[in-house]
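Chemist: I have a structure I would like to understand better, so I am pasting it below and will then ask my questions one at a time.
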Amino acid sequence: MTHPRLYRGLSAEDRRRDRRERFLAAAVALFGTDGYAATSVSAVCREAGLSSRQFYEEFSDREDLLRAVYDVTEDGAMRAVEAAVRDAMESTDRLEVVLDAGIGAFIDHFAADTRLTRICFVEVVGVSRTFEDHRARRRRGWADLLGGVATGGVQRGLLDAETDPLLWVGFIGAVNSVIVAQAESDDLSAADALRVLRTLLQSGVFG
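Taking our numbering as reference, the numbering of the sequence shown is continuous, increasing by one, and the terminal residue is 239.
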(Lines of atoms letter the chains of each structure in order from A and count residues from 1; the text may use other names and numbers.)
(Lines give C-alpha, C1' and ligand atoms only; values in the text may rest on other atoms or scores of the structure.)
Protein backbone atom coordinates (compact mmCIF):
# COMPACT_ATOMS: atom_id res chain seq x y z
CA MET A 1 0.00 0.00 0.00
CA THR A 2 1.32 3.42 -0.91
CA HIS A 3 0.90 6.45 1.32
CA PRO A 4 0.65 10.11 0.26
CA ARG A 5 3.91 12.03 0.56
CA LEU A 6 3.86 14.55 3.37
CA TYR A 7 5.44 17.98 3.48
CA ARG A 8 5.55 19.62 6.90
CA GLY A 9 3.03 17.03 8.05
CA LEU A 10 0.53 17.78 5.27
CA SER A 11 -0.40 15.75 2.22
CA ALA A 12 -0.56 17.39 -1.22
CA GLU A 13 -4.36 17.39 -0.96
CA ASP A 14 -4.26 19.06 2.45
CA ARG A 15 -1.78 21.69 1.20
CA ARG A 16 -3.96 22.46 -1.78
CA ARG A 17 -7.05 22.74 0.44
CA ASP A 18 -5.13 25.10 2.72
CA ARG A 19 -4.04 27.26 -0.23
CA ARG A 20 -7.58 27.46 -1.53
CA GLU A 21 -8.90 28.49 1.89
CA ARG A 22 -6.22 31.17 2.14
CA PHE A 23 -7.19 32.59 -1.24
CA LEU A 24 -10.88 32.57 -0.26
CA ALA A 25 -10.10 34.33 3.02
CA ALA A 26 -8.00 36.91 1.17
CA ALA A 27 -10.86 37.50 -1.26
CA VAL A 28 -13.31 38.08 1.59
CA ALA A 29 -10.89 40.52 3.20
CA LEU A 30 -10.32 42.53 0.00
CA PHE A 31 -13.53 42.17 -2.01
CA GLY A 32 -15.51 42.85 1.14
CA THR A 33 -13.66 46.08 1.96
CA ASP A 34 -11.86 47.57 -1.05
CA GLY A 35 -14.32 46.00 -3.50
CA TYR A 36 -14.00 43.51 -6.33
CA ALA A 37 -13.22 46.05 -9.07
CA ALA A 38 -10.44 47.63 -7.01
CA THR A 39 -8.76 44.33 -6.13
CA SER A 40 -6.17 42.73 -8.41
CA VAL A 41 -4.97 39.13 -8.47
CA SER A 42 -1.59 40.31 -7.18
CA ALA A 43 -3.30 42.00 -4.22
CA VAL A 44 -5.13 38.78 -3.40
CA CYS A 45 -1.86 36.86 -3.57
CA ARG A 46 -0.14 39.33 -1.24
CA GLU A 47 -3.01 39.10 1.23
CA ALA A 48 -2.95 35.30 1.10
CA GLY A 49 0.85 35.12 1.28
CA LEU A 50 0.92 32.94 -1.83
CA SER A 51 2.18 33.25 -5.39
CA SER A 52 0.34 34.02 -8.61
CA ARG A 53 1.35 30.58 -9.88
CA GLN A 54 -0.46 29.03 -6.94
CA PHE A 55 -3.46 31.27 -7.60
CA TYR A 56 -3.83 30.07 -11.17
CA GLU A 57 -3.53 26.47 -10.03
CA GLU A 58 -6.77 27.02 -8.10
CA PHE A 59 -8.72 29.63 -10.08
CA SER A 60 -8.95 30.54 -13.75
CA ASP A 61 -9.15 34.27 -13.00
CA ARG A 62 -10.34 36.85 -10.48
CA GLU A 63 -14.00 36.31 -11.39
CA ASP A 64 -13.63 32.58 -10.73
CA LEU A 65 -12.40 33.44 -7.22
CA LEU A 66 -15.35 35.78 -6.66
CA ARG A 67 -17.73 33.06 -7.79
CA ALA A 68 -16.13 30.61 -5.37
CA VAL A 69 -16.58 32.99 -2.43
CA TYR A 70 -20.15 33.69 -3.50
CA ASP A 71 -21.02 30.00 -3.83
CA VAL A 72 -19.45 28.99 -0.52
CA THR A 73 -21.37 31.75 1.25
CA GLU A 74 -24.67 31.03 -0.49
CA ASP A 75 -24.33 27.29 0.15
CA GLY A 76 -23.77 27.99 3.84
CA ALA A 77 -26.79 30.27 4.00
CA MET A 78 -29.00 27.68 2.33
CA ARG A 79 -27.89 24.97 4.73
CA ALA A 80 -28.50 27.25 7.71
CA VAL A 81 -32.01 28.20 6.56
CA GLU A 82 -32.98 24.64 5.68
CA ALA A 83 -31.77 23.29 9.03
CA ALA A 84 -33.46 26.06 11.03
CA VAL A 85 -36.80 25.59 9.27
CA ARG A 86 -36.64 21.81 9.58
CA ASP A 87 -35.95 22.00 13.30
CA ALA A 88 -38.70 24.58 13.83
CA MET A 89 -41.25 22.51 11.93
CA GLU A 90 -40.47 19.52 14.12
CA SER A 91 -40.98 21.49 17.32
CA THR A 92 -43.94 23.82 16.67
CA ASP A 93 -47.21 24.17 14.79
CA ARG A 94 -47.00 27.98 14.68
CA LEU A 95 -46.19 29.42 11.28
CA GLU A 96 -44.67 32.61 12.66
CA VAL A 97 -42.15 30.61 14.68
CA VAL A 98 -41.07 28.71 11.58
CA LEU A 99 -40.79 31.91 9.55
CA ASP A 100 -38.71 33.62 12.23
CA ALA A 101 -36.41 30.60 12.43
CA GLY A 102 -35.71 30.57 8.70
CA ILE A 103 -35.41 34.33 8.28
CA GLY A 104 -33.32 34.62 11.43
CA ALA A 105 -30.91 31.95 10.23
CA PHE A 106 -30.42 33.82 6.96
CA ILE A 107 -29.89 37.17 8.64
CA ASP A 108 -27.50 35.70 11.21
CA HIS A 109 -25.46 33.97 8.51
CA PHE A 110 -24.63 37.29 6.85
CA ALA A 111 -24.56 39.38 10.01
CA ALA A 112 -21.68 37.22 11.26
CA ASP A 113 -19.43 38.93 8.67
CA THR A 114 -20.79 42.04 6.96
CA ARG A 115 -18.08 41.75 4.31
CA LEU A 116 -20.01 38.77 2.97
CA THR A 117 -23.11 40.93 2.67
CA ARG A 118 -21.21 43.40 0.51
CA ILE A 119 -19.74 40.64 -1.64
CA CYS A 120 -22.91 38.61 -2.17
CA PHE A 121 -25.38 41.46 -2.60
CA VAL A 122 -23.32 44.33 -4.01
CA GLU A 123 -19.98 43.32 -5.50
CA VAL A 124 -21.36 40.43 -7.56
CA VAL A 125 -23.90 42.60 -9.37
CA GLY A 126 -23.08 43.32 -13.01
CA VAL A 127 -19.66 41.66 -12.99
CA SER A 128 -20.29 39.93 -16.33
CA ARG A 129 -23.04 38.31 -18.36
CA THR A 130 -21.75 34.91 -17.28
CA PHE A 131 -21.87 35.89 -13.61
CA GLU A 132 -25.38 37.31 -13.99
CA ASP A 133 -26.50 33.97 -15.42
CA HIS A 134 -24.87 32.26 -12.45
CA ARG A 135 -26.66 34.57 -10.00
CA ALA A 136 -29.96 33.81 -11.75
CA ARG A 137 -29.36 30.07 -11.28
CA ARG A 138 -28.61 30.63 -7.61
CA ARG A 139 -31.84 32.61 -7.19
CA ARG A 140 -33.77 29.77 -8.81
CA GLY A 141 -32.11 27.45 -6.33
CA TRP A 142 -33.37 29.61 -3.48
CA ALA A 143 -36.86 29.66 -5.02
CA ASP A 144 -36.81 25.85 -5.21
CA LEU A 145 -35.65 25.59 -1.60
CA LEU A 146 -38.31 27.98 -0.32
CA GLY A 147 -40.99 26.34 -2.44
CA GLY A 148 -40.02 23.01 -0.89
CA VAL A 149 -40.27 24.54 2.56
CA ALA A 150 -43.76 25.80 1.72
CA THR A 151 -44.76 22.33 0.54
CA GLY A 152 -43.57 20.95 3.86
CA GLY A 153 -45.65 23.60 5.60
CA VAL A 154 -48.76 22.49 3.71
CA GLN A 155 -48.11 18.85 4.62
CA ARG A 156 -47.84 19.80 8.30
CA GLY A 157 -50.91 21.98 8.25
CA LEU A 158 -49.02 25.25 8.73
CA LEU A 159 -50.14 26.57 5.34
CA ASP A 160 -53.45 26.18 3.55
CA ALA A 161 -52.15 25.91 -0.02
CA GLU A 162 -49.05 25.83 -2.22
CA THR A 163 -47.46 29.18 -3.07
CA ASP A 164 -47.01 30.80 -6.47
CA PRO A 165 -43.37 30.21 -7.56
CA LEU A 166 -43.19 33.73 -9.03
CA LEU A 167 -43.93 35.16 -5.60
CA TRP A 168 -40.75 33.53 -4.35
CA VAL A 169 -38.80 35.27 -7.12
CA GLY A 170 -40.18 38.62 -5.95
CA PHE A 171 -39.49 37.81 -2.31
CA ILE A 172 -35.87 36.89 -3.01
CA GLY A 173 -35.35 40.25 -4.68
CA ALA A 174 -36.86 41.97 -1.65
CA VAL A 175 -34.60 39.98 0.67
CA ASN A 176 -31.53 41.26 -1.15
CA SER A 177 -32.68 44.88 -0.82
CA VAL A 178 -33.59 44.57 2.85
CA ILE A 179 -30.33 42.87 3.82
CA VAL A 180 -28.23 45.51 2.07
CA ALA A 181 -30.27 48.37 3.55
CA GLN A 182 -29.90 46.95 7.06
CA ALA A 183 -26.16 46.32 6.66
CA GLU A 184 -25.52 49.86 5.39
CA SER A 185 -27.59 51.63 8.05
CA ASP A 186 -26.62 52.48 11.60
CA ASP A 187 -30.30 52.84 12.49
CA LEU A 188 -31.59 49.46 11.31
CA SER A 189 -31.07 46.27 13.27
CA ALA A 190 -31.33 42.59 12.46
CA ALA A 191 -34.66 42.66 14.29
CA ASP A 192 -35.91 45.31 11.85
CA ALA A 193 -34.90 43.17 8.90
CA LEU A 194 -36.59 40.13 10.39
CA ARG A 195 -39.79 42.10 11.02
CA VAL A 196 -39.98 43.39 7.46
CA LEU A 197 -39.19 40.06 5.83
CA ARG A 198 -41.73 38.29 8.05
CA THR A 199 -44.35 40.83 6.97
CA LEU A 200 -43.50 40.31 3.30
CA LEU A 201 -43.88 36.57 3.69
CA GLN A 202 -47.11 36.64 5.66
CA SER A 203 -48.85 39.35 3.64
CA GLY A 204 -47.25 38.84 0.26
CA VAL A 205 -46.19 35.26 -0.37
CA PHE A 206 -48.64 33.54 1.98
CA GLY A 207 -51.34 36.22 2.04
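Ideal Cβ positions, reconstructed from N, Cα and C, are used throughout, including at glycine.
#1: Hey, how far is the Cα of Leu233 from the Cα of Asp218?
#2: For Ser221, does the three-state DSSP call read helix, strand or coil?
#3: State the Cα-Cα distance for the pair Ala116 and Asp192, rounded to the nearest angstrom.
#4: Which term fits Gly134, buried or exposed, when burial requires 16 or more other beta carbons within 10 angstroms of its beta carbon?
#5: Quick one: which unbroken beta strand (DSSP E) runs of 3-plus residues sit fully inside the stretch 40-103? Chain order, please.
#6: Would you check if there are 3 or more beta carbon pairs closer than 8 Å linking the stretch 109-127 to the stretch 72-80?
#7: Taking all protein chains shown into account, decide if Val101 is buried (16 or more other Cβ within 10 angstroms of its Cβ) or exposed.
#8: Excluding the 5 residues flanking Arg167 on each side, which residues of the same chain have their C-beta closer than 7 Å to its C-beta?
#9: Okay, do the stretch 198-209 and the stretch 220-238 touch, 3+ Cβ pairs below 8 Å being the bar?
#10: Around the Cβ of Val186, are there at least 16 other Cβ atoms within 10 angstroms (buried) or fewer (exposed)?
#11: Going by CA-CA distance only, name the one from Ser84, Ala175, Leu98 and Arg118 that's closest to Pro197.
Modeler: In brief:
#1: Here residue 233 is taken as the residue at index 201 of the sequence shown, counted from 1. Here residue 218 is taken as the residue at index 186 of the sequence shown, counted from 1. Straight-line Cα distance between these residues: approximately 25 Å.
#2: The residue you call residue 221 lines up with position 189 of the sequence shown. The answer is coil: DSSP assigns Ser221 none of H, G, I, E or B.
#3: On the sequence shown, position 84 is the one that residue 116 refers to. On the sequence shown, position 160 is the one that residue 192 refers to. Rounded to whole angstroms, Ala116 to Asp192 spans 21 Å at the Cα level.
#4: For the purposes of this step, residue 134 is taken as the residue at position 102 of the sequence shown. Burial call: buried.
#5: none
#6: no
#7: Translated into the one-based positions of the sequence shown, residue 101 becomes position 69. So Val101 counts as buried.
#8: Translated into the one-based positions of the sequence shown, residue 167 becomes position 135. Excluding positions up to five away in sequence, the list reads Val156.
#9: yes
#10: Walking along the sequence shown from the start, residue 186 turns up at place 154. The residue is exposed, with fewer than 16 neighbouring Cβ atoms inside 10 Å.
#11: Taking the first residue of the sequence shown as 1, we reach residue 197 at position 165. Ranking the options by Cα distance to Pro197, first place goes to Ala175.
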